[in-house]
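What follows is one structure encoded as structure tokens, with my remarks underneath.
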Amino acid sequence: MIEAASSIAPRSVTGAIGQRAAAGLLACAVNRKSSPWLVAGFVALHVLLWTVILTRLRAAQEIHFDVAEAFAWGQKFLLGYGKHPPLSGWVAGAWFMLFPVTDWSTYALAMVTVGVGMMICWTIALRVVDRRRAFLVVVMLAIYPIFNLKGFKYNADLLQLVTLPLLMLAYLDAFDERTVRSGIWLGLAGALALMTKYWVLTMIGAIGLAALIHPARLAFLRSPAPWIAIATLVVVMLPHFIWLMQVDFLPFTYASETYSLSSRVESAKLVLGYMGHNVALLALPLTVTALALAWGPHGHRLLRRDPLALVAGAWSHDTNANMRTQQACNIWIVQIIVAIGPPIGALVFSIYLKTDWGISLFFLTPLAMIAIPQLRVRQAALVRAVVTWLVVSLIVLAAAPLIVPITMRRNAVAQFTYGSHSELARQLTELWHQRFHSSWKVVVGSSDVSDPITFYSPDHPAPLSPSEVWSYELTPLDEAKRYGFIGVCEVNAWNQQECEAWMRQNTAGGDEMTLTTRRLFRGSATPVTAWHVYVVPADRG
1 MIEAASSIAP RSVTGAIGQR AAAGLLACAV NRKSSPWLVA GFVALHVLLW
51 TVILTRLRAA QEIHFDVAEA FAWGQKFLLG YGKHPPLSGW VAGAWFMLFP
101 VTDWSTYALA MVTVGVGMMI CWTIALRVVD RRRAFLVVVM LAIYPIFNLK
151 GFKYNADLLQ LVTLPLLMLA YLDAFDERTV RSGIWLGLAG ALALMTKYWV
201 LTMIGAIGLA ALIHPARLAF LRSPAPWIAI ATLVVVMLPH FIWLMQVDFL
251 PFTYASETYS LSSRVESAKL VLGYMGHNVA LLALPLTVTA LALAWGPHGH
301 RLLRRDPLAL VAGAWSHDTN ANMRTQQACN IWIVQIIVAI GPPIGALVFS
351 IYLKTDWGIS LFFLTPLAMI AIPQLRVRQA ALVRAVVTWL VVSLIVLAAA
401 PLIVPITMRR NAVAQFTYGS HSELARQLTE LWHQRFHSSW KVVVGSSDVS
451 DPITFYSPDH PAPLSPSEVW SYELTPLDEA KRYGFIGVCE VNAWNQQECE
501 AWMRQNTAGG DEMTLTTRRL FRGSATPVTA WHVYVVPADR G
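Just so you know, we're using UniProt numbering here: the sequence shown kicks off at 1 and counts up by one.
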């Protein structure tokens with residue numbers, strides 16, 4: 001009897017602690033004063049956990065090319081960067097003024113970006129539902145792979161998870177307040193979003209359609225808010241528009257050359273892939289939440305005997321009195337439009353629809369689900385969702401060291417993932433210092449080579465990619481010749497001949513050599529990569 005009592009005691013103590021923690025969580029979630037601190041603490045923990053997880057999971061890899069590109073853009077604060085508007089480059093430039101240029105810092109930047117987006121989404125949710133449901137929306141986003149595992153690379157797509165929620169928040173406030181001030185904020189938010197990526201026109205168009213479709217549209221359209229917003233956006237975007245004219249709308253040239261398709265069959269395949277990819281990503285948070293909502297005290301028994309009764313338990317005949325139907329209507333309309341609009345547009349205009357373009361378009365889906373008036377959100381559902389997020393995060397954290405060598409052995413031939421640009425950057429930096437006893441200023445090569453070298457070299461030389469007209473503003477050719485440069489062409493790359501032809505024309509008086517690199521990690525090695533290197537001294541004339 002004594003042994004039985006002693007074995008039960010720890011369980012009862014653990015259960016009591018868990019119950020108190022759950023009660024405290026629920027109390028904080030619904031309290032006006034404590035709920036912001038709870039959400040901020042949850043988001044901060046998510047950012048910290050997943051920064052560590054991503055750093056460990058990707059220890060054998062170099063940073064993604066998009067991150068290196070954003071870093072290279074951030075070396076100069078321009079009004080545009082050829083491919084995209086400037087905001088993603090500005091943010092990267094500001095970030096690396098404060099943090100070291102290391103792999104872990106890029107993952108921290110990505111997670112801070114999604115963390116800020118989560119905080120804004122919580123604020124959006126408060127415009128629609130009560131505080132308990134709003135916190136559940138944040139937990140759903142934390143489980144959504146875009147906000148953790150798939151959000152590892154900072155780029156313009158990921159930054160939209162900040163600027164588009166800001167835009168949506170400004171629209172909800174303008175729709176509600178209908179004042180000049182709210183219109184100005186909406187215009188500023190729209191301009192900020194446009195300075196991230198032109199793709200945000202998808203969301204801007206959806207918001208415009210929502211304003212025209214909404215049952216309460218007349219009150220909004222008769223107010224000064226939408227017209228002040230349009231005027232503000234135009235004024236703020238004027239400098240960038242002037243830049244676009246100066247460069248002959250170069251970003252649109254890049255987009256048309258890169259993403260136009262001649263085959264409708266190929267476009268249809270890409271659309272199906274895009275839809276399947278994003279549905280699969282959304283399935284995880286939606287399924288976890290659905291189970292958390294439906295599961296009751298007798299969940300196991302109902303699952304075996306009457307699954308439909310288990311599902312029915314999540315629904316109520318009474319509507320939620322704390323929900324603002326007008327704002328929920330805006331959420332539903334916008335989410336539906338951005339969900340179906342891009343696939344339809346891609347089919348009609350034969351556009352290459354990348355799966356990554358969906359990164360920024362489904363942050364409203366959790367709220368759209370939780371805002372359903374008949375959905376019953378029990379207190380226990382919130383606790384279950386938080387526990388699921390924590391358990392999954394800790395499992396991935398613990399498993400990361402085991403996953404890394406397995407994925408490296410399987411994918412070691414993937415040059416972009418397991419490249420050796422960091423080793424090449426180290427060798428070239430040492431070579432330049434030994435020859436010229438000065439810092440290395442310019443690296444020349446295709447952007448998939450020069451941008452990672454810019455990131456990994458301690459000198460962070462400015463990149464020049466002669467074959468890519470949209471990158472010319474970063475480093476003019478006369479500047480490269482004035483400072484001297486190192487040109488790099490990857491042997492057996494698809495563009496080797498074009499790269500070497502340019503080098504032969506522009507490296508007179510320089511030295512040519514071949515270097516080899518490979519990436520090593522815990523006994524595993526990638527294939528050897530050969531590089532033709534051209535070292536051109538500074539123009540002394």
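Think of the CB as a built atom: it goes at the ideal place given N, C-alpha and C, for glycine as much as any other residue.
Since we're looking at a predicted model, the values are computed, not measured.
DSSP places Phe252 inside the alpha helix (DSSP H), whose first and last residues are 250-259.
For the options Gln327, Arg376, Asp459, the alpha carbon positioned closest to that of Met168 is the one of Gln327.
By the criterion of at least three beta-carbon pairs nearer than 8 Å, the segment 72-83 is not in contact with the segment 106-116. Under the three-pair Cβ rule at 8 Å, the segment 132-151 does not count as touching the segment 168-188.
At a cut-off of 3 residues, not a single continuous stretch assigned as beta strand (DSSP E) sits fully inside the segment 57-90.
C-alpha of Ala399 to C-alpha of Trp50: approximately 13 Å in a straight line.
Straight-line measurement puts the Cα of Ala108 at about 24 Å from the Cα of Ala385. Counting only the Cα atoms, Phe71 lies some 24 Å from Leu520. Boundaries cannot be given for Ile146, as no alpha helix (DSSP H) includes it and DSSP labels it neither H nor E. Apart from the 5 residues on each side of it in sequence, Pro226 sits with its Cβ closer than 8 Å to the Cβ of Ala174, Gly183, Leu186, Ala211, Phe220 in its chain, given in chain order. Going by DSSP, Trp432 is part of the alpha helix (DSSP H) stretching over 421-436.
Only residues of its own chain outside the window of five on either side were considered, and among them Ile337 have a CB closer than 6 Å to the CB of Leu209, listed in chain order. In the DSSP annotation of this structure, the continuous segment of the alpha helix (DSSP H) that includes Phe220 starts and ends at 217-221. Of all C-beta pairs linking the segment 281-297 to the segment 142-150, three or more are shorter than 8 Å, placing the two stretches in contact. Between Leu428 and the set Pro342, Phe362, Gly358, Val536, the nearest pair of CA atoms involves Val536.
Sequence-distant partners of Ser223 (beyond 5 residues in either direction) whose C-beta falls short of 6 Å from its own C-beta, in its chain, are Arg178. Counting along the chain, the unbroken beta strand (DSSP E) around Thr516 starts and ends at 511-517. Take the alpha-carbon of Ile204 and the one of Ile230: they are about 11 Å apart. Beyond the five residues adjoining it in sequence on each side, Thr517 comes within less than 6 Å, by CB distance, of Ser420, Glu423, Leu424, Thr529 in the same chain, given in chain order.
Taking a contact to require three or more Cβ pairs closer than 8 Å, the segment 356-363 and the segment 18-27 do not qualify as touching.
Classified as exposed, Asp248 has fewer than 16 neighbouring CB atoms from the shown chains inside 10 Å of its CB. Counting only the Cα atoms, Ala206 lies some 10 Å from Ile213.
For Asp539, the number of other beta carbons within 10 angstroms of its own is below 16, and it is reported as exposed. Straight across, the Cα-Cα distance linking Trp295 with Ala216 is about 37 Å. In the DSSP assignment, the residues bridged to Val535 are Ile486, Asp511. When C-alpha distances from Val236 are compared across Gly273, Val265, Met195, the shortest belongs to Met195. Rounded to the nearest whole angstrom, the C-alpha separation of Arg410 and Ala280 is 23 Å. In the structure shown, Ala398 falls within a helical segment according to DSSP collapsed to helix, strand and coil.
Under the three-state reduction of DSSP output, Phe455 falls in the helix class. CA-CA distance, Tyr483 to Asp459, rounds to 13 Å.
Residue state for Pro466 is assigned as coil, using DSSP reduced to three classes. Assignment of Ala525 by DSSP, reduced to helix, strand and coil, places it in the strand class. Distance from the Cα of Lys354 is smallest, within the candidate group Trp199, Cys28, Ser35, for Trp199.
Under the three-state reduction of DSSP, Val491 is assigned to coil, being neither helix nor strand.
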